[in-house]
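Shown next, in structure tokens, is the structure this report addresses.
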Amino acid sequence: MRVILFSIGDFQVRSYGLVVALAIMLAMGVAYYLAKGTTYRKHIPNMMFYVIIGAILVARIWHVFFFQWDYYSKHLVEIPAIWNGGIAIQGALVGGFIAAAIYARVARISFWEMADTMAPAIIFGQAIGRIACFLNGDAYGSPTGSSFGIVYPEGTMAYAEYGPQPLWPAEIWEGQWDFIVFAILLIMKNKTWPKGFLFLSYNILYAIGRFMLEFLRGDSPRYLFNWTAGQWTSVVVIVISLVIMMIFTLRQKRKDPEDLSPKLEQIH
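Under the working numbering, think of the first position of the sequence shown as 2, with each following residue one higher.
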């Protein structure tokens, strides 16, 4: 676990930024592979620039206002310093999805079909990204109260908050859950689903895991019902996704014509 991997003169190469960049590139590669044979493949390189910008902007805003506003309200000049860590994955997803939806509308392609194609790649990138959180010592868990857990080194946010106490490996378990969701989505791709179903399933599965693991987090302020911002976001995502899923399913059923042709009796 190293916040700074190495230095070249005064330039520091941070593990967080390097792994996040790797996660983005690998996710793009997976998306490009999964889009083989579709019209969406050619749009992936063009769209990713806007998606990355939207994701970074909203992810930083999300983190600043929902997770550490008490700190950043007193250190406004540090808000743009994302290289020090501090972006919220749920904010990144919201920003990325908005940018992708705008791109799809301008390019006159189906956002939902494209999202279905890219859903496994998105969660794969999230799984890799959680490694960045672990190396940076953020998205950490709360104290386990036992000898089990991760003891973060000095220089990390986790150590600054809890010192040498063993903490729940919340970010590691979330990354493992993301890989499970990735496998489930790949299995689901073998079957034909209503448009948008695979992408919405990704949202629901990720949100369920995130909601449960948030109980172990030690870096998040808590609100109504003692839930974190991540839990409230997860509940909203699950509800909205289920409603949209039901709407799309009903629409699909209405489009499928019933076989009303009479059976011909054979005359012998």
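Using N, Cα and C, we set each Cβ at its ideal position, and we do this for glycine too.
**Request:** Would you identify the three-state DSSP class for Gln166, choosing helix, strand or coil?
**Result:** In the sequence shown, the residue the question calls residue 166 occupies position 165. Gln166 falls in the coil class under three-state DSSP.
**Request:** With DSSP as the reference, label Arg109 as helix, strand or coil.
**Result:** Counting from 1 along the sequence shown, the entry for residue 109 is found at position 108. Reduced to three states, the DSSP call for Arg109 is coil.
**Asked** CA-CA distance, Ala105 and Ala161?
**Response** Locating residue 105 in the sequence shown gives position 104, counting from the first residue. Locating residue 161 in the sequence shown gives position 160, counting from the first residue. Whole-angstrom Cα-Cα distance: 43 Å.
**Item:** DSSP state of Gly138 mapped onto helix, strand, coil
**Value:** Reading the sequence shown from its first residue, position 137 is the one you call residue 138. DSSP places Gly138 in coil when its eight states are reduced to three.
**Request:** Could you tell me how far apart the beta carbons of Ala128 and Phe66 are, in whole angstroms, since I believe they sit closer than 8 Å?
**Result:** Locating residue 128 in the sequence shown gives position 127, where the first residue counts as 1. Locating residue 66 in the sequence shown gives position 65, where the first residue counts as 1. So it is not a contact: roughly 26 Å between Cβ atoms.
**Asked** Got a sec, what are the start and stop residues for the beta strand (DSSP E) Val21 sits in?
**Response** Here residue 21 is taken as the residue at index 20 of the sequence shown, counted from 1. No beta strand (DSSP E) contains Val21, which is instead part of the alpha helix (DSSP H) from Ser16 to Leu35.
**Request:** Can you grab the Cα-Cα spacing for the pair Trp63 / Ile173, in whole Å?
**Result:** The residue labelled residue 63 in the question sits at position 62 within the sequence shown. The residue labelled residue 173 in the question sits at position 172 within the sequence shown. If I take the Cα positions, the gap works out to 21 Å.
**Request:** Go ahead and label Met247 buried or exposed: buried means 16 or more other beta carbons lie within 10 angstroms of its beta carbon, across all protein chains shown.
**Result:** Against the sequence shown, residue 247 aligns to sequence position 246. Classification of Met247: exposed, given that the 10 Å Cβ count is below 16.
**Prompt:** Which whole-angstrom value is the C-beta distance of Ala28 and Ile123, which I expect to be below 8 Å?
**Reply:** Walking along the sequence shown from the start, residue 28 turns up at place 27. Walking along the sequence shown from the start, residue 123 turns up at place 122. Yes, they are in contact, since the Cβ atoms of Ala28 and Ile123 sit about 7 Å apart, within 8 Å.
**Item:** Residues near Phe7 in its chain [Cβ-Cβ closer than 7 Å; skip 5 each side]
**Value:** Sequence index remark: in the sequence shown, residue 7 carries index 6 (1-based). For Phe7, where only same-chain residues beyond five positions count, the Cβ hits under 7 Å are Val14.
**Request:** Could you please give me the residues that DSSP links to Arg218 through a beta bridge?
**Result:** Taking the sequence shown and counting its residues from 1, one reaches residue 218 at position 217. The partner list for Arg218 (beta bridge, DSSP) reads Gly142.
**Request:** Compare the C-alpha of Leu187 against each of Lys196, Gly176, Glu175 and Tyr203 and name the closest.
**Result:** Here residue 187 refers to the residue found at position 186 of the sequence shown. It is Tyr203 whose Cα lies nearest to the Cα of Leu187.
**Asked** Can the beta-carbon of Gly18 be found less than 7 Å from the beta-carbon of Ala56?
**Response** Position 17 of the sequence shown holds residue 18. Position 55 of the sequence shown holds residue 56. Going by C-beta atoms, Gly18 is not nearer than 7 Å to Ala56.
**Inter-residue Cα distance where the pair is Gly126 and Gly146** = Taking the first residue of the sequence shown as 1, we reach residue 126 at position 125. Taking the first residue of the sequence shown as 1, we reach residue 146 at position 145. So the two alpha carbons sit approximately 32 Å from each other.
**Prompt:** On the three-pair Cβ rule with 8 Å, is the region 201 to 218 touching the region 30 to 43?
**Reply:** no
**Prompt:** Taking Cβ to Cβ, would you say Ile151 is nearer than 7 Å to Val20?
**Reply:** Residue numbering aside, residue 151 sits at position 150 when the sequence shown is read from its first letter. Residue numbering aside, residue 20 sits at position 19 when the sequence shown is read from its first letter. For Ile151 and Val20, no; Cβs fall outside 7 Å.
**Message:** My output table needs one value for Arg61: the three-state DSSP class, helix, strand or coil.
**Reply:** For this step, residue 61 is matched to residue 60 along the sequence shown. Correct three-state label for Arg61: helix.
**Request:** Can you grab the Cα-Cα spacing for the pair Gln177 / Pro170, in whole Å?
**Result:** Here residue 177 refers to the residue found at position 176 of the sequence shown. Here residue 170 refers to the residue found at position 169 of the sequence shown. Cα to Cα, the separation comes out at about 11 Å.
**Request:** Please determine if the region 133 to 140 and the region 112 to 123 are in contact, where contact requires at least 3 C-beta pairs separated by less than 8 Å.
**Result:** no
**Item:** Within the region 184 to 253, ranges of the beta strand (DSSP E) (whole runs, at least 3 residues)
**Value:** none
**Request:** Leaving out five residues on either side along the sequence, give the residues of the same chain with a beta carbon under 6 Å from the beta carbon of Tyr73.
**Result:** As a working mapping, residue 73 is identified with position 72 in the sequence shown. Once the five neighbours on either side are set aside, the close Cβ partners of Tyr73 are Val65 and Ile80.
**Prompt:** If you draw a straight line from the C-alpha of Met189 to the C-alpha of Lys43, how long is it?
**Reply:** Start at 1 with the first residue of the sequence shown, and residue 189 comes out as number 188. Start at 1 with the first residue of the sequence shown, and residue 43 comes out as number 42. Taking the straight line from one Cα to the other gives about 24 Å.
**Asked** I think Pro167 touches Pro195, with their Cβ atoms under 8 Å apart; what is that distance to the nearest whole Å?
**Response** Numbered from 1 along the sequence shown, position 166 holds the residue referred to as residue 167. Numbered from 1 along the sequence shown, position 194 holds the residue referred to as residue 195. Not really, about 46 Å apart at Cβ, beyond 8 Å.
**Item:** Buried or exposed by the 16-neighbour rule on C-beta atoms within 10 Å, applied to Leu94
**Value:** As a working mapping, residue 94 is identified with position 93 in the sequence shown. That one is buried.
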